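Visitor:
Residue numbers (our numbering), protein chains in the order written: chain V, 3 to 113; chain Z, 33 to 146.
#1: Excluding five sequence neighbours on each side, which residues of the same chain lie with their C-beta closer than 6 angstroms to the C-beta of residue 50 of chain Z?
#2: Taking Cβ-Cβ distances below 9 angstroms as the criterion, which residues of the segment 28 to 53 of chain V are in contact with chain Z?
#3: In chain V, which residues lie less than 9 angstroms from residue 139 of chain Z when you measure between Cβ atoms?
#4: Work out the CA separation of residue 52 of chain Z and residue 50 of chain V for me, nearest whole Å.
#5: Between which residues of its own chain and residue 48 of chain Z is the CB-CB distance below 7 angstroms, once the five residues before and five after are set aside?
#6: Please list, in chain order, the chain V residues whose beta carbon lies closer than 7 angstroms to that of residue 125 of chain Z.
#7: Closest by CA to residue 56 of chain V, which one among V:105, V:35, V:104?
#8: Please confirm if residue 88 of chain Z has its CB atom under 7 angstroms from at least one CB of chain V.
#9: Smallest Cα separation from residue 24 of chain V: which of V:13, V:31, V:83?
#10: Please compile the residues from chain V whose C-beta is within a distance smaller than 7 angstroms of the C-beta of residue 77 of chain Z.
#11: Ends of the beta strand (DSSP E) at residue 119 of chain Z?
#12: Give, in chain order, every unbroken run of the beta strand (DSSP E) that is at least 3 residues long and sits entirely within the segment 68 to 102 of chain Z.
#13: Residue range of the beta strand (DSSP E) that residue 37 of chain Z falls in?
#14: To the nearest angstrom, report how far apart residue 72 of chain Z and residue 92 of chain V are at their CA atoms.
#15: Please report the Cβ distance between residue 96 of chain V and residue 132 of chain Z, rounded to the nearest whole angstrom; I am assuming they are in contact, meaning their Cβ atoms lie under 8 angstroms.
#16: Under 6 angstroms Cβ to Cβ from residue 129 of chain Z, same chain only, skipping five residues before and after it: list those, please.
#17: Does the beta-carbon distance from residue 45 of chain V to residue 140 of chain Z come in below 7 angstroms?
#18: Closest Cβ-Cβ distance between residue 130 of chain Z and chain V: below 7 angstroms?
#19: Would you mind reading off the limits of the beta strand (DSSP E) that contains residue 2 of chain Z?
#20: Smallest Cα separation from residue 18 of chain V: which of V:84, V:26, V:105?
#21: Would residue 106 of chain Z be called buried (16 or more neighbouring beta carbons within 10 Å of its own) or exposed?
#22: In the DSSP assignment, find the beta strand (DSSP E) that holds residue 61 of chain Z and state where it starts and stops.
Here is the structure:
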């Protein structure tokens, strides 16, 4: 069945450095790729999403890139700040099927 | 605030009991999704309703059931509760029924089974 693999499971970076989280998906028909941020005990919140007709999307310090040929997409956070510490989930879906979430990446920002 | 509401925020109950979790979607959204998140785990999709009809099913146990009412709010019923059912239960809503529609999550209900 459909699967989304997310790496790494934990990531620790120095404040001000960049963080990159990668996901691969198995369903080549997937066309929607959202990223959610979940702070401890809080709801997952959509931070950025990309659809398969574009290769890259940027929103301030956050960017997502999509490689449809290789079936992978990545989240890039630049100039990391303490408030970026959270669990990040990637997901993949296509119109008729349910969304599949990755297993999550726990990002810690070291002061 | 996503516009999705869930009640109650916390629920403590005993094994063998039955509970009902409630979710109201964002105004205008027709789909409601239910997820289970155990401690330090990912989001496990349980079930989706669209405009009152069951649309997709995930890893939902037979002891669990859900429904969506004409006013589009949804309830998740958990029965014969076990210790392992302790988790955060989220609902999410979206405008349409497709998997490529953006989902907005509610604040969650934390269920503790003692």
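Note that CB positions come from ideal geometry on N, CA and C, so glycine has one too.
Just so it is clear, the structure is predicted and the values come from calculations on it, not from any experiment.
Guide: Judging by the given coordinates:
#1: Here residue 50 of chain Z is taken as the residue at index 18 of the second chain, counted from 1. Only 111 meet the Cβ criterion.
#2: When CB distances to chain Z are screened at a threshold of 9 angstroms, the residues of the segment 28 to 53 of chain V falling below it are 32, 33, 34, 36, 38, 40, 43, 44, 45, 46, 47, 48, 51, 53, in chain order.
#3: The residue you call residue 139 of chain Z lines up with position 107 of the second chain. Near residue 139 of chain Z (Cβ distances below 9 angstroms), the residues of chain V are 44, 45.
#4: Locating residue 50 of chain V in the first chain gives position 48, counting from the first residue. Locating residue 52 of chain Z in the second chain gives position 20, counting from the first residue. Rounded to whole angstroms, residue 50 of chain V to residue 52 of chain Z spans 32 angstroms at the Cα level.
#5: For this step, residue 48 of chain Z is matched to residue 16 along the second chain. Excluding sequence neighbours, residue 48 of chain Z sits near 112, 113.
#6: Your numbering for residue 125 of chain Z matches position 93 in the second chain. Chain-ordered listing is empty here: chain V has no CB closer than 7 angstroms to the CB of residue 125 of chain Z, the nearest sitting near 12 angstroms.
#7: The sequence position of residue 56 of chain V within the first chain is 54, counting from 1. Among V:105, V:35, V:104, the Cα nearest to that of residue 56 of chain V is on V:35.
#8: Here the question's residue 88 of chain Z lines up with position 56 in the second chain. By this cut-off, residue 88 of chain Z is an interface position.
#9: As a position in the first chain, residue 24 of chain V is number 22, starting the count at 1. Nearest Cα to residue 24 of chain V within the set V:13, V:31, V:83: V:13.
#10: Position 45 of the second chain, counted from the start, is the residue given in the question as residue 77 of chain Z. Under the 7 angstroms cutoff, chain V gives 100.
#11: For the purposes of this step, residue 119 of chain Z is identified with residue 87 of the second chain, where counting begins at 1. Looking at the DSSP string, the run of the beta strand (DSSP E) that includes residue 119 of chain Z is 119 to 126.
#12: Counting whole runs of 3 or more residues, the segment 68 to 102 of chain Z contains the beta strand (DSSP E) stretches 76 to 82, 85 to 89, 96 to 100.
#13: As a first step, residue 37 of chain Z is located in the second chain; it is residue number 5 there, counting from the start. Run containing residue 37 of chain Z: 37 to 39, per the beta strand (DSSP E) assignment.
#14: Here residue 72 of chain Z refers to the residue found at position 40 when the second chain is read from its first residue. Here residue 92 of chain V refers to the residue found at position 90 when the first chain is read from its first residue. So the alpha carbons of these two residues sit roughly 16 angstroms apart.
#15: Within the first chain, the letter at position 94 stands for residue 96 of chain V. Within the second chain, the letter at position 100 stands for residue 132 of chain Z. Correct: roughly 6 angstroms between the Cβ atoms.
#16: For the purposes of this step, residue 129 of chain Z is taken as residue 97 along the second chain, with counting starting at 1. Only 63, 82, 87 meet the Cβ criterion.
#17: Mapped onto the first chain, residue 45 of chain V falls at position 43. Mapped onto the second chain, residue 140 of chain Z falls at position 108. A contact, by the Cβ cut-off of 7 angstroms.
#18: What you label residue 130 of chain Z is simply residue 98 of the second chain in a count that begins at 1. So, interface residue.
#19: As shown, chain Z starts at 33 and ends at 146. That puts residue 2 of chain Z outside it, with no answer to give.
#20: Against the first chain, residue 18 of chain V aligns to sequence position 16. V:84 is the residue among V:84, V:26, V:105 whose C-alpha sits nearest the C-alpha of residue 18 of chain V.
#21: In the second chain, the residue the question calls residue 106 of chain Z occupies position 74. Under the 10 Å beta carbon count, residue 106 of chain Z is surrounded by 16 or more other beta carbons and is classified as buried.
#22: As a position in the second chain, residue 61 of chain Z is number 29, starting the count at 1. In the DSSP assignment, residue 61 of chain Z falls outside any beta strand (DSSP E) and carries neither an H nor an E.
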